[in-house]
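The opening residue of the sequence shown carries number 10 in my numbering; numbering runs sequentially from there.
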Amino acid sequence: MSALGEAVRARIDRLVRYEPQPGVTYPEVLIINDPLRARWRTIMLGIGGAMLGLITYVILAPWVVTGVIALFWLAEGSPGGQMLAWAGEVTSTFSEPSGMVATHLGLATLIPISLGLVLFIHRFHPRWLHSVQPGFRWRFAVVAGLAAFAILGGVWALTRIGQSWAVNPEPAFWGFVVAILLTSPLQAAAEEYFFRGYLLQAIHTTAPGSPWFGVVGSAAVFALMHGTQDLPAFLYRFVFGVVAGWLVVKTGGLEAGIAAHVANNVIAFGWAALSGTMTATRTTTTTTWAELGWSLAAFAAFAAIAVWIATRMSLATATPGTRFVGGDEV
């Protein structure tokens, strides 16, 4: 490891005050087992941390979006004359790849926000946000990702039987391809880190009796954060959140949920770029009950396969039976 990496690791280790209890599941990671610590303090940390995370995102993300859009606006010769008006149009409709890139990078701020909350507010090492191993399990993530694309893509193709497959690419098709491949995974991972990661753990600290309070609570916030939508669209996002949260509990980490989220978004935006329906995809607030049913079937099928893969790979679903001190297991 480089000198800089060692310095960063040492600084993080100095900030860490707590480690999870041995043998606990993912939702229980932030619960502090200290008889001298009042229960209400842990609850307030969970509630306060969640509120601080949302407030920080609301403040930080627009600055990131504006900064990225400003660079594109200058590079493209100041189209429209008024940057803010142009920025509002391209980010709200994805009429250009720049709007997608800026919006997704703004959402990506949820990753450092989530990691920062775990470290600075709860004083746990950020690696516990990835999984109970701890750390991000890349091999599982790749295998789950391949399964997600196969299952979600296959079900999506079935839903289009009898519909038009007319190809009418967006004018900036290749720009969208680059934007989708580079930024959609970041956006999807960021939402998983905050909603199925930090928020699920934080909510669980307020009612530690069952993992379902954190799973359902974080899924509800996730669905509501998508703004105006009809009931099937709300249920689509809510059920996805519940399934992704259940996967976190059953597999011990965020990887499967991230895989499903990335596959879902890449498929949706990829077809939108190929069919010339990017703006319609970006601005839609409705879905049909039939589409909801197909989506639920796809999520359920993937969840079953992901848990099977995790079992075959003998992944940890609870924290190690020993403590970690200074970054090492003892």
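Every residue gets a Cβ at the ideal spot worked out from N, C-alpha and C, and that includes glycine.
These numbers were taken from a predicted model, which means no experiment stands behind them.
Rounded C-alpha distance that separates residue i from residue j
i                 : j                 : result
proline 194       : alanine 111       : 14 angstroms
proline 178       : alanine 289       : 14 angstroms
alanine 272       : alanine 315       : 13 angstroms
alanine 198       : histidine 270     : 7 angstroms
leucine 244       : threonine 296     : 10 angstroms
alanine 12        : alanine 19        : 10 angstroms
methionine 350    : alanine 166       : It is not possible to answer for residue 350, since the shown part of the chain is limited to 10 through 339.
glutamine 196     : leucine 124       : 15 angstroms
phenylalanine 203 : isoleucine 120    : 7 angstroms
leucine 155       : alanine 313       : 14 angstroms
alanine 310       : isoleucine 160    : 7 angstroms
glycine 266       : alanine 253       : 5 angstroms
aspartate 22      : methionine 287    : 45 angstroms
glycine 108       : arginine 321      : 41 angstroms
leucine 24        : arginine 132      : 6 angstroms
glutamine 142     : alanine 211       : 19 angstroms
glycine 223       : phenylalanine 308 : 19 angstroms
threonine 168     : alanine 277       : 13 angstroms
tryptophan 183    : valine 257        : 34 angstroms
alanine 232       : glycine 250       : 8 angstroms
valine 275        : arginine 48       : 42 angstroms
phenylalanine 185 : histidine 213     : 38 angstroms
methionine 92     : methionine 234    : 26 angstroms
leucine 116       : valine 17         : 25 angstroms
glutamine 238     : glycine 330       : 45 angstroms
alanine 216       : leucine 80        : 45 angstroms
glutamine 172     : proline 106       : 26 angstroms
isoleucine 41     : valine 67         : 29 angstroms
methionine 53     : histidine 134     : 19 angstroms
valine 339        : proline 31        : Unreliable positioning characterises valine 339 in this predicted model, as indicated by a pLDDT of 38, which lies under 50. A coordinate reading is not provided.
Sheet register partners of residue i (DSSP bridge)
i                 : result
phenylalanine 133 : Tyr27
serine 140        : Gly262
Neighbour-count burial assignment, residue i, 16 or more Cβ in a 10 Å radius
i                 : result
tryptophan 82     : buried
phenylalanine 129 : exposed
alanine 70        : buried
aspartate 337     : In this prediction, aspartate 337 has a pLDDT of 45, which is less than 50 and means its spatial position is unreliable; what the coordinates show is noted afterwards. Exposed, because fewer than 16 other Cβ atoms sit within 10 Å of the Cβ of aspartate 337.
glycine 323       : Looking at the sequence provided, one finds serine at residue 323 rather than glycine. Serine 323 should be labelled exposed.
glycine 206       : buried
alanine 282       : buried
threonine 192     : buried
isoleucine 64     : exposed
leucine 263       : buried
glycine 335       : For glycine 335, the predicted model reports a pLDDT of 45, less than 50, meaning its position is unreliable and no value from the coordinates is stated.
glutamate 201     : buried
glycine 55        : buried
arginine 50       : exposed
arginine 26       : exposed
valine 176        : exposed
serine 140        : buried
alanine 94        : exposed
leucine 99        : In the sequence as presented, leucine is not what sits at residue 99; that position holds valine. Valine 99 comes out buried.
valine 187        : exposed
Short CB-CB distance (under 7 angstroms) between residue i and chain B
i          : result
alanine 96 : No chain B is part of this structure, which consists of one protein chain only.
Cβ separation of residue i and residue j, assumed to be a contact under 8 angstroms, to the nearest whole Å
i              : j              : result
proline 36     : leucine 209    : 6 angstroms
glycine 162    : isoleucine 122 : Rounded, the Cβ-Cβ distance is 31 angstroms, inconsistent with contact.
alanine 327    : valine 33      : 6 angstroms
valine 164     : tryptophan 317 : No, valine 164 and tryptophan 317 are not in contact; Cβ-Cβ is about 17 angstroms, not under 8 angstroms.
isoleucine 170 : glycine 279    : With 8 angstroms as the limit, isoleucine 170 and glycine 279 do not qualify as a contact, their Cβ atoms being about 19 angstroms apart.
glycine 261    : alanine 325    : 5 angstroms
alanine 268    : alanine 150    : 6 angstroms
threonine 292  : threonine 102  : 6 angstroms
Self-check item: Runs of alpha helix (DSSP H) wholly within the segment 211-239 (minimum 4 residues, chain order)
Solution: Taken in chain order, the complete alpha helix (DSSP H) segments of 4 residues or longer contained in the segment 211-239 are 221-233.
Exercise. Run through the segment 159-197 for me and flag every whole beta strand (DSSP E) of 3 or more residues, listed as ranges in chain order.
Key: The segment 159-197 contains no whole beta strand (DSSP E) run of 3 or more residues.
Quiz item: At what residue ranges does the segment 249-335 contain a whole run of the alpha helix (DSSP H), taking only runs of 4 or more?
Solution: Listed in chain order, the complete alpha helix (DSSP H) runs (minimum 4 residues) inside the segment 249-335 are 264-284, 287-292, 298-321.
Self-check item: Unbroken stretches of the alpha helix (DSSP H), 4 residues or longer, contained in the segment 88-113
Solution: 92-102, all fully within the segment 88-113.
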